[in-house]
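J.:
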Amino acid sequence: MLVSRPWFFRLLFLLALIVCSYGFLKDVSGLPSSWMPNDKLMHGLIFLMLMLLWQLSFYRRVLAGLLLLGIYGGAIELAQHFFTTRFGDWWDFLADLGGLALALLLWQLPLWRRFQQAPAEGTR
-17 MLVSRPWFFR LLFLLALIVC SYGFLKDVSG LPSSWMPNDK LMHGLIFLML MLLWQLSFYR
43 RVLAGLLLLG IYGGAIELAQ HFFTTRFGDW WDFLADLGGL ALALLLWQLP LWRRFQQAPA
103 EGTR
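So in this note's numbering, the last one in the sequence shown is 106, and the numbering has no gaps at all.
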């Protein structure tokens, strides 16, 4: 039996969150500075992806996703500053929030309408 769609996206969201957390907190002192040409763009795209996965997973809880992922973005920057050899950057946090906002705008496109329907009873 196939897993219902919300559970698939919830698993995907959780895996993405784990991978992103590792990437955000990993020591990058040995990497050349040119390995990521635009750090802010990457932050925005990562949080865009996380928010879209959240919306696919918890279609009626958009405000909760914004709040939780916004707190997550701030917590990552604080953790980088206090617990790693990296430095927290509030511009990164603003890029995170920009990615969340862009996800909300993209969610309004007709492409996502079929995902915005609540799953049938019994598939949750």
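Built from N, CA and C at the ideal position, the CB exists for glycine as well.
1. When the Cα atoms are used, what is the spatial distance from residue 69 to residue -6?
2. Would you mind working out which of 32, 22, 76 and 89 sits nearest residue 1, comparing C-alpha positions?
3. Quick one: grab the DSSP three-state call for residue 68.
4. Which first and last residues belong to the alpha helix (DSSP H) in which residue 37 is found?
5. Please state the DSSP three-state secondary structure of residue 62.
6. Can you grab the Cα-Cα spacing for the pair residue 64 / residue 57, in whole Å?
7. Could you check whether residue 85 and residue 22 sit closer than 7 Å to each other, using their CB atoms as the reference points?
8. Should residue 53 be labelled buried (16 or more other beta-carbon atoms within 10 Å of its own) or exposed?
9. Determine the closest residue to residue 79 out of 55, 92, 60 and 93, with distance taken between C-alpha atoms.
T.: This is what the structure holds:
1. Taking the sequence shown and counting its residues from 1, one reaches residue 69 at position 87. Taking the sequence shown and counting its residues from 1, one reaches residue -6 at position 12. Using only the alpha carbons, I get a separation of about 28 Å.
2. Position 19 of the sequence shown, counted from the start, is the residue given in the question as residue 1. Out of 32, 22, 76 and 89, 32 has the C-alpha closest to the C-alpha of residue 1.
3. Numbered from its first residue, the sequence shown carries residue 68 at position 86. Three-state result, residue 68: coil.
4. For the purposes of this step, residue 37 is taken as the residue at position 55 of the sequence shown. Run containing residue 37: 21 to 39, per the alpha helix (DSSP H) assignment.
5. Walking along the sequence shown from the start, residue 62 turns up at place 80. The answer is helix: DSSP assigns residue 62 an H, G or I state.
6. One-based indexing of the sequence shown puts residue 64 at position 82. One-based indexing of the sequence shown puts residue 57 at position 75. Approximately 10 Å between the Cα atoms of the pair.
7. Within the sequence shown, numbered from 1, the residue matching residue 22 stands at position 40. Within the sequence shown, numbered from 1, the residue matching residue 85 stands at position 103. Contact: no.
8. In the sequence shown, the residue the question calls residue 53 occupies position 71. Classification of residue 53: exposed, given that the 10 Å Cβ count is below 16.
9. Counting from 1 along the sequence shown, the entry for residue 79 is found at position 97. If we check each option's Cα against that of residue 79, 55 comes out closest.
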